[in-house]
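Take a look at the structure set out below.
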Amino acid sequence: MKIDWAALGSVFGVSLVATVLLVGLFTLGIAGLSQKEKAARTGGSAPLAVTGAYLCFAACAAAVAFGIYLIVA
Amino acid sequence: MESFSLILAIVVITALAFDFTNGFHDTANAMATTISTGAMKPKIAVAMSAVLNLVGAFLSVEVANTISKGLVDESGIQPEVIFAALVGAILWNLLTWLVGLPSSSSHALMGGLLGATVASAGFGAVHGGTLITNVLIPALAAPLVAGIAATVGARITYKLGSKTEEQTAKKGYRAGQIASAALVSLAHGTNDAQKTMGVITLALVTGGVLVPDSDPPVWVIASAGLAIALGTYLGGWRIIRTMGKGLTDLQPQQGFAAQTSAATVILASSHLGFSLSTTHSVSGAVMGAGLGRKGGVVRWSTAGRMLVAWLLTLPAAALVAAGAEYVTQQGTWGTVLVAVFLVGSSLAIWLLSRREVVDHTNVNHVEEDGVVADAVAAVTPPPTVALEEELDRVMPSQAIGSPAAAGEKPVTTAAKV
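If you read the sequences in order, they're chains A and B.
The opening residue of the first sequence carries number 144 in our numbering; numbering runs sequentially from there.
The opening residue of the second sequence carries number 3 in our numbering; numbering runs sequentially from there.
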């Protein structure tokens, strides 16, 4: 009987980091969009926030694509 | 495909039935958080999950070459043993569904194989060490890993999103939840439909229809995919309710954190060589996300019942399968008897479930006591009510509202009851 602690440890590490990164990025993206809407209501615009938001969402989409790749491969 | 013996036909049908129960048992894994937070309408959620399960079944050509994950020696396994194993797994899946508890379908299948193999070939054919490394440790690790990731994720999303407008946040988290739920569904279709394909292929090989090491025929892939998709679409509403509302109260942020953590853990574990059960990961993630919000509560009594079900899964499925294997060994009539028993008990469980129907209309309605207690109470009729009805039947005029009258004739009542 041999428990593969290394594999279990890496599953834990990777899951924790990936979850935190993804959730964090996605939340930042939402926050960015929220800035845009706030600005739009006062007639202004928030180009930096919007660009940042789309970058965050793009990173999340890439992660989802990688997930699908992992399932197919 | 030449001669298809009766036992082989029975095994294939039973395997598809197991696949079906697998589907509706595990709809909750992908969709419970999405449904309970209102990100998707219940019916649409299960439909999407069903389609993705079907797609997932066709996605991977990698054959599930070992269905028991090395738990038992599969080389000399007979179709009857596989049949008995499936009977144990199906009944356990149905029973846990009845009381609304999420439990691992893979563990049920492994337990069934374990019991059936021991009954047919003795304990020598079981690799005991694998039981701990491949079953027990993952069952403890999965909820912890997913739970911790979900807790941290939920904390972060509340912290970073504290200044976000409510309307934008709601829309955003809805999209995020749907994406991560879709990933879980797809992964589920690939993993779990593969399992059934592996079972059917193994049976076909041992029955001499296929040569060893062959890929599953197209009809096996298609039927396994369809069975799991149908089951998913039916929706295991009882389990969805427990997972989405019973364990904790989830806000969209938490649902998103939970589902993302679950998807990550499932994908990471199956690709880093330490496979963890989907059910255990998702349950852990939901509880973790529950703890990740300030003031969030986890209903530990429900979690405790769930844990008991997890621990019982393997031995319970094994016991039923061992019994089934013992009867099938008696000859063809034994196999037929077990098949009749399986159909009969499944029907009985379904009838019991009709006492309190849970479907897409009331999946999000929960009373304070916790849903599992409700589900259990609904299927075990309270003795007092039964007694009153009985009294009413025996002594129509006196039973109700007149305890003195009822007390006067204890002898008659006892005699008649």
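Heads up, the beta-carbon is just placed ideally off N, CA and C, and yes, glycines get one too.
Since we're looking at a predicted model, the values are computed, not measured.
- Pairing residue 148 (chain B) with residue 38 (chain B) gives a Cβ-Cβ distance that is not under 7 Å.
- For residue 308 (chain B), the enclosing alpha helix (DSSP H) has its first and last residue at 302-330.
- Among the CB atoms of chain A, none fall inside 7 Å of the CB of residue 60 (chain B).
- Between the C-alpha atoms of residue 306 (chain B) and residue 289 (chain B) there is a straight-line separation of about 12 Å.
- For the pair of segments examined, the region 154-168 of chain A was found not to touch the region 176-192 of chain A: the number of CB pairs separated by less than 8 Å stays below three.
- Contacts between residue 258 (chain B) and chain A, judged by CB atoms closer than 8 Å, involve 166, 169 in chain order.
- Contact with chain B is absent for residue 193 (chain A), since none of that chain's Cβ atoms lies less than 7 Å from the residue's Cβ.
- When the beta-carbon positions are compared, residue 195 (chain A) and residue 167 (chain A) stay at least 7 Å from each other.
- Bounds of any alpha helix (DSSP H) do not take in residue 42 (chain B), whose DSSP letter is neither H nor E.
- Chain-ordered, the chain A residues with CB closer than 8 Å to the CB of residue 158 (chain B) read 163, 166, 167, 170.
- A direct Cα-Cα distance of roughly 49 Å separates residue 225 (chain B) from residue 178 (chain A).
- Contact of residue 116 (chain B) with chain A is not assigned, every C-beta pair being separated by 7 Å or more.
- When B:188, B:258, B:20 are compared, the shortest CA-CA separation from residue 50 (chain B) is found for B:188.
- By the beta-carbon neighbour count (other beta carbons within 10 angstroms, threshold 16), residue 364 (chain B) is exposed.
- Burial state of residue 334 (chain B) is exposed, judged by a 10 Å Cβ sphere holding fewer than 16 other Cβ atoms.
- Put simply, the backbone Cα of residue 16 (chain B) is about 17 Å away from that of residue 117 (chain B).
- Only those residues of the region 273-288 of chain B whose C-beta falls short of 8 Å from the nearest C-beta of chain A are listed: 273, 274, 275, 276, 278.
- DSSP, reduced to helix, strand and coil, places residue 101 (chain B) outside both helices and strands of the structure shown, so it counts as coil.
- The alpha-carbon of residue 173 (chain B) is positioned some 43 Å away from that of residue 146 (chain A).
- Burial is judged here by how many other beta carbons sit within 10 angstroms of a residue's own beta carbon; residue 215 (chain B) has fewer than 16 and is exposed.
- When the alpha-carbon of residue 212 (chain A) is set against those of B:79, B:80, B:58, the nearest one is in B:58.
- For a Cβ distance threshold of 7 Å, residue set 146 of chain A lies close to residue 139 (chain B), ordered along the chain.
- The C-alpha of residue 360 (chain B) lies about 19 Å from the C-alpha of residue 93 (chain B).
- Between residue 198 (chain A) and chain B, the shortest Cβ-Cβ separation is not below 7 Å.
- Chain B has a Cβ within less than 7 Å of the Cβ of residue 153 (chain A).
- Straight-line spacing of the CA atoms in residue 350 (chain B) and residue 105 (chain B) works out to 20 Å.
- In this structure, residue 191 (chain B) keeps its C-beta atom at 7 Å or more from the C-beta atom of residue 366 (chain B).
- The residue among B:7, B:29, B:157 with its C-alpha nearest the C-alpha of residue 241 (chain B) is B:29.
- The shortest CA-to-CA distance from residue 45 (chain B) to any of B:298, B:239, B:268 is the one to B:239.
- Membership of residue 112 (chain B) in the alpha helix (DSSP H) is indicated by the continuous run 107-123.
- Between the region 85-103 of chain B and the region 317-325 of chain B, the count of C-beta pairs closer than 8 Å reaches three or more; the two stretches touch.
- Nearest in C-alpha terms to residue 199 (chain A), of all of A:191, A:161, A:172, A:148, is A:172.
- Cα atoms of residue 326 (chain B) and residue 340 (chain B): separation of roughly 6 Å, rounded to the nearest angstrom.
- In this structure, the alpha-carbon of residue 135 (chain B) lies about 45 Å from that of residue 165 (chain B).
- Only residues of its own chain outside the window of five on either side were considered, and among them 198, 226, 229, 230 have a CB closer than 6 Å to the CB of residue 21 (chain B), listed in chain order.
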